[in-house]
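>
Protein chains: 2
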Amino acid sequence: MRRRPRQADVAALAGVSQATVSTALGTSPARASLSASTLERVALAARTLGYVPDPVARRLAAQSTDLLGVYTFTDAFPVEVRDSYYPFLVGIERSAARLGYDLLLFTGTSSSRGGEAVQKVRLADGCLFLGRHVPEEQLQQLLDAGYPVVYVGRRTELGGRLSYVGADYVAGAAQVVDHLAGLGHTALLYVRGTDDAVASADREEGFWRAVAAAGLRGQVQRAYASSIDARALQSWRASGVTAVVTEENDANDLLAALLAAADDADVAVPQEMSLAVLGESGGVETAPRVTGFALPRQQMGEDAAALLVDLVTGRRTGPVQELLVPSLLVGETTGPPPPA
Amino acid sequence: MRRRPRQADVAALAGVSQATVSTALGTSPARASLSASTLERVALAARTLGYVPDPVARRLAAQSTDLLGVYTFTDAFPVEVRDSYYPFLVGIERSAARLGYDLLLFTGTSSSRGGEAVQKVRLADGCLFLGRHVPEEQLQQLLDAGYPVVYVGRRTELGGRLSYVGADYVAGAAQVVDHLAGLGHTALLYVRGTDDAVASADREEGFWRAVAAAGLRGQVQRAYASSIDARALQSWRASGVTAVVTEENDANDLLAALLAAADDADVAVPQEMSLAVLGESGGVETAPRVTGFALPRQQMGEDAAALLVDLVTGRRTGPVQELLVPSLLVGETTGPPPPA
DNA sequence: CTGAAAGCGCTTACAG
DNA sequence: CTGAAAGCGCTTACAG
Chain C
31 MRRRPRQADV AALAGVSQAT VSTALGTSPA RASLSASTLE RVALAARTLG YVPDPVARRL
91 AAQSTDLLGV YTFTDAFPVE VRDSYYPFLV GIERSAARLG YDLLLFTGTS SSRGGEAVQK
151 VRLADGCLFL GRHVPEEQLQ QLLDAGYPVV YVGRRTELGG RLSYVGADYV AGAAQVVDHL
211 AGLGHTALLY VRGTDDAVAS ADREEGFWRA VAAAGLRGQV QRAYASSIDA RALQSWRASG
271 VTAVVTEEND ANDLLAALLA AADDADVAVP QEMSLAVLGE SGGVETAPRV TGFALPRQQM
331 GEDAAALLVD LVTGRRTGPV QELLVPSLLV GETTGPPPPA
Chain R
31 MRRRPRQADV AALAGVSQAT VSTALGTSPA RASLSASTLE RVALAARTLG YVPDPVARRL
91 AAQSTDLLGV YTFTDAFPVE VRDSYYPFLV GIERSAARLG YDLLLFTGTS SSRGGEAVQK
151 VRLADGCLFL GRHVPEEQLQ QLLDAGYPVV YVGRRTELGG RLSYVGADYV AGAAQVVDHL
211 AGLGHTALLY VRGTDDAVAS ADREEGFWRA VAAAGLRGQV QRAYASSIDA RALQSWRASG
271 VTAVVTEEND ANDLLAALLA AADDADVAVP QEMSLAVLGE SGGVETAPRV TGFALPRQQM
331 GEDAAALLVD LVTGRRTGPV QELLVPSLLV GETTGPPPPA
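As given, the protein sequences belong to chains C and R, one line each in that order.
With the first letter of the first sequence counted as 1, position 305 gets the number 335 in the working numbering; the numbers rise by one all the way through.
With the first letter of the second sequence counted as 1, position 22 gets the number 52 in the working numbering; the numbers rise by one all the way through.
Structure representation (structure tokens):
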């Protein structure tokens, strides 16, 4: 088992010092001042020996590994939610590869010593965070140390010091409302869930803003998730409501309940009543593709990785916060309102 | 921006030397000989300062990062083949997390300087390789250096020096044949593609072995992909063939051609003719689920990662080569032969 | 029981 | 134009 060659070996063969090998093979400005013949001899020696720099030593000495960390607080490849995580990873990997970085994947699960394992991300030049739980303390520590961090998803923790690339739920919600208004709906009903996440509040805000912008304020009602059943749907309809909008939640049970209620009440969707969700209809087994909006997940991943690289190289300085606009998904559950 | 604490800082606070901090915080046998009070003081000081060991320095000094490399020769998250790669990654991640390792993901694409980038995997304690192209030279170099490497998929390159966890295509093919024989088929036809990959040869070998074991040798024919059309199918049928077996290939065009030919020839599958594939029917848009076998991808990933860890820790020494048995997928394209 | 010292393989001022 | 030296933050014999 041959020991792998190091700079000292190359130096010996080329007849120069180890430091000269480092400069000759590196990219520092000092390289320019080396003579052409030295450069050549070093290059030849390196090739002959099959020299490849040790990335670990390089990182220790120069603080750079060309590695981007990706930290997920669950499995990085959760079978259940693969379809929602995967596109982020695809985007992240694209950007990273394009920019010459490799990915260092951390999964919260491998951490034996609790939160401290998060600090292992320092092996990479910077780190992307993905997922629900933000371990504030650990993140704080990274930020304090000036370590570049970007969250994929909007985060309001840490007093705005955190960089992120998130989705503009406000804009997404507005698109759905505008779509309905464009179809001629004026009497909408908003069914709110019980989730108090940032995203949830954002969706509702976007909804009301768009309602106001469309001049529909007076005609839009609001109901709670708990009230959804066939009777409720009938009464909403009787009161003139022509479209119901709900928010996406974890299992999309709100949406499922709404679809079931319509079915129970024999209300034809979308002929008698339009239905839309502020988000995606994933998880609901029903046949119809529900109108909503989709997060630009892959793009979010790409942007987040690109931003992280900018932070790492100092091209930009944090915190940078970016929101991407979701795209409207027109499904089979929305149509013009029934003739009055 | 506070500098992160290092052992020297902890040492100063605890009133001991830096080396003592290292032993106290580490797991070396020397730790046992430190006094309880020293251990305590160091632990306290470390906690107070929020000390976390620098993984890079640790790796350089001790040759260990608790990181497993994963090298794919394409994007790690190829959108096109996501369903075939993903399960491997899921399995790899599972094992790694369970064993206390994190994943270092390399994508051939990020390598600027050609093959040399492969050497960057050394940042990790060992590396898994995934995908078609084996850059023999680079792999050779890693092996020569005694660097632990495991391939996911059977590889015959490098004179058997390469450890791998592969799929037992021979056993998979045999399962399909046994299934058909069990249904009562005796006159089979094997349609071979033009692919010369190891896996392809293995499939055919398994096929013929199972045929021999079932005592069907004399009644089984062999045809080439190029001959597939409605006429051929008719003539095979006329000659008594009751089941056609083909191999899985990249786009599964062999299988697609076969299905199309049956359709053209108005041959009912499986009533008049059974159809099976030595592998999976992915990629073919047709409705019927085709009988075949599935690779235990996730398990392969898990085993490969576990093997790599064994190699890394020295619990096992390479090369270790392991084949996992695929599972039979009974689809809608096989049934009993038509009554003679 | 603990400390001083060397070394892992690099990078980067600084001399000359 | 090139070399000697220090240092990145650790681990690990080896003294004492």
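Glycine included, each C-beta is placed from N, C-alpha and C at the ideal position.
Threshold first: 4 residues or longer. Then list the alpha helix (DSSP H) segments lying entirely within the stretch 192 to 220 of chain R, N to C.
Counting whole runs of 4 or more residues, the stretch 192 to 220 of chain R contains the alpha helix (DSSP H) stretches 199 to 213.
> If I follow the unbroken beta strand (DSSP E) through Leu-358 (chain R), where does it start and stop?
Note, Leu-358 (chain R): beta strand (DSSP E), 357 to 359.
> Please confirm if Thr-57 (chain R) has its CB atom under 8 Å from at least one CB of chain C.
Output row for Thr-57 (chain R): interface = no.
> Going by beta carbon distance, what residues of the same chain come within less than 6 Å of Ser-140 (chain R), once the five residues before and after it are set aside?
Confidence is the limiting factor: at Ser-140 (chain R) the pLDDT is only 46, short of 50, which leaves the residue's position unreliable, though a coordinate-based value still follows. Taken in chain order, the list of residues that qualify is empty.
> Would you give the residue range spanned by the alpha helix (DSSP H) that Ala-75 (chain R) belongs to?
Note, Ala-75 (chain R): alpha helix (DSSP H), 66 to 79.
> Give, in chain order, every unbroken run of the alpha helix (DSSP H) that is at least 4 residues long and sits entirely within the stretch 228 to 296 of chain R.
Here the runs fully enclosed are 228 to 243, 260 to 268 and 283 to 294.
> Where does Asp-155 (chain C) fall in DSSP's three states?
It is coil, neither helix nor strand.
> Hey, Asp-125 (chain R) and Ala-336 (chain R): beta-carbon distance below 8 Å or not?
According to the sequence displayed, residue 125 (chain R) carries Ser and not Asp. Against a cut-off of 8 Å, the Cβ pair of Ala-336 (chain R) and Ser-125 (chain R) comes out as a contact.
> Which stretch, first to last residue, makes up the alpha helix (DSSP H) that contains Gln-93 (chain R)?
No alpha helix (DSSP H) contains Gln-93 (chain R), which DSSP labels as neither H nor E.
> For Ser-357 (chain R) and Ala-281 (chain R), what's the separation of their Cα atoms in angstroms?
Rounded to the nearest angstrom, the two C-alpha atoms are 21 Å apart.
> Could you tell me which of R:Pro-349, R:Val-297 and R:Val-148 sits nearest to Thr-272 (chain R), measuring between CA atoms?
That would be R:Val-297, whose Cα lies nearest to the Cα of Thr-272 (chain R).
> Would you report the Cα separation of Asp-232 (chain C) and Leu-160 (chain R), rounded to the nearest angstrom?
Rounded to whole angstroms, Asp-232 (chain C) to Leu-160 (chain R) spans 42 Å at the Cα level.
> Please classify Leu-288 (chain C): is it buried, with 16 or more other beta-carbons within 10 angstroms of its beta-carbon, or exposed?
Buried is the call here.
> So which of C:Gly-212, C:Val-274, C:Pro-165 and C:Thr-347 has the shortest CA-CA distance to Arg-185 (chain C)?
Residue C:Pro-165 is the option with its Cα nearest to Arg-185 (chain C).
> For Thr-343 (chain C), count the other beta carbons within 10 Å of its own beta carbon; 16 or more makes it buried, fewer makes it exposed. Which is it?
Thr-343 (chain C) should be labelled exposed.
> Determine the contact status of Val-299 (chain R) and Thr-363 (chain R), defining contact as a CB-CB distance below 8 Å.
In contact: Val-299 (chain R) and Thr-363 (chain R) (Cβ atoms closer than 8 Å).
> Does the beta-carbon distance from Ala-60 (chain C) to Val-72 (chain C) come in below 8 Å?
Not in contact: Ala-60 (chain C) and Val-72 (chain C) (Cβ atoms no closer than 8 Å).
> Enumerate in chain order the residues of its own chain whose CB-to-CB distance from Val-339 (chain C) is below 6 Å, with the five nearest sequence positions on each side excluded.
Excluding positions up to five away in sequence, the list reads Leu-129.
> By how many angstroms is the C-alpha of Ala-334 (chain C) removed from the C-alpha of Gln-328 (chain C)?
Going by the C-alpha atoms only, they are around 10 Å apart.
> Is there at least one Cβ from chain C nearer than 8 Å to Pro-349 (chain R)'s Cβ?
It does not; no Cβ of chain C falls within 8 Å.
> According to DSSP, which residues form a beta bridge with Arg-222 (chain C)?
Answer is C:Tyr-254.
> Determine the closest residue to Pro-326 (chain R) out of R:Gly-212, R:Arg-346, R:Ser-304 and R:Leu-354, with distance taken between C-alpha atoms.
Comparing Cα positions, the closest option is R:Leu-354.
> Tell me the DSSP secondary structure of Val-350 (chain R) in three-state form.
Here Val-350 (chain R) sits in coil by DSSP.
> Please name the residues in the stretch 60 to 90 of chain C whose beta-carbon is closer than 9 Å to at least one beta-carbon of chain R, in chain order.
Flagged, chain order: Gly-80, Val-82, Pro-83, Asp-84, Pro-85, Val-86, Ala-87, Arg-89 and Leu-90.
> Can you name, in chain order, every residue of its own chain whose Cβ lies under 7 Å from the Cβ of Arg-239 (chain R), other than the five neighbours on each side?
Result list for Arg-239 (chain R): Val-200 and Ala-204, in chain order.
> For Gly-331 (chain R), which of helix, strand or coil comes out of DSSP?
Gly-331 (chain R): helix per DSSP, three-state reduction.
> Suppose you measure from the CA of His-209 (chain R) to the CA of Val-320 (chain R); what does that come to, to the nearest Å?
Spanning the two alpha carbons is a distance of roughly 13 Å.
> Would Tyr-101 (chain C) be called buried (16 or more neighbouring beta carbons within 10 Å of its own) or exposed?
Per the 10 Å Cβ criterion, buried.
> Have a look at Thr-137 (chain R) and Glu-332 (chain R) and give me their C-alpha separation to the nearest angstrom.
The alpha-carbon atoms of Thr-137 (chain R) and Glu-332 (chain R) are separated by roughly 20 Å.
> Determine the extent of the alpha helix (DSSP H) in which Val-51 (chain R) is found, giving its start and end residues.
Where Val-51 (chain R) is concerned, the enclosing alpha helix (DSSP H) stretches over 48 to 55.
> Got a sec: is the Cβ-Cβ distance from Gln-249 (chain C) to anything in chain R below 8 Å?
Answer no: the Cβ-Cβ gap between Gln-249 (chain C) and chain R never drops below 8 Å.
> Could you give the C-beta distance for Leu-212 (chain C) and Pro-367 (chain C), rounded to a whole number, given that I count them as a contact under 8 Å?
It is Gly, not Leu, that sits at residue 212 (chain C) in the sequence shown. About 12 Å; that fails the 8 Å criterion.
> Would you say Arg-239 (chain R) faces chain C, with C-beta separation under 8 Å as the test?
So no, Arg-239 (chain R) is outside the interface.
> Could you list the residues in the stretch 155 to 178 of chain C with a C-beta less than 8 Å from some C-beta on chain R, going in chain order?
Residues Gln-171, Asp-174, Ala-175 and Gly-176.
> Taking the alpha-carbon positions, what's the Gln-264 (chain C) to Tyr-254 (chain C) distance?
Going by the C-alpha atoms only, they are around 15 Å apart.
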